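One structure below.
Residue numbers (the numbering used here): 66 to 178.
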């Protein structure tokens, strides 16, 4: 997935010096015209991303709000019971690799300027 980080990652450390970093990634879907001729506006999906170990350390150090990144990983679904006793489901991406994506145009720099 390629998207923009919504806010600075939240990082938690554990007793055994392990850490987890969590953040949301905004994925934009462009506007389009439906088969019936209706215009469907651009939409943004917010995806929960969780990183662990070395990837979490990298996330803490480099990933910031507004960063455009590529996330490679796997889907994970977990459940928990909230304070009201209702079972909640969370689906998130467990990131195994994160890379920055340069979205600036390089056309002005092609001539060496």
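Glycine is no exception: its CB is placed at the ideal position from the N, C-alpha and C atoms.
A quick note: this is a predicted structure, and the numbers were derived from the prediction, not measured.
Legend entry - Own chain residues within Cβ distance below 8 Å of residue 75, not counting five before or after: 86, 87, 88.
Inset, instruction - If I'm right that residue 163 touches residue 136 with Cβ under 8 Å, what's the distance once you round it to whole angstroms? - result: Right, their Cβ atoms sit about 6 Å apart.
Legend entry - Supposed close pair residue 158, residue 112 - CB separation, criterion 8 Å: Their Cβ separation, rounded to whole angstroms, is 6 Å, which keeps residue 158 and residue 112 in contact under 8 Å.
Inset, instruction - Can you grab the Cα-Cα spacing for the pair residue 101 / residue 143, in whole Å? - result: Cα to Cα, residue 101 sits roughly 38 Å from residue 143.
Inset, instruction - Within its chain, find whatever has a CB closer than 6 Å to the CB of residue 124; leave out the 5 residues flanking it on each side and keep chain order. - result: Beyond the five residues adjoining it in sequence on each side, residue 124 comes within less than 6 Å, by CB distance, of 74, 86, 116 in the same chain, given in chain order.
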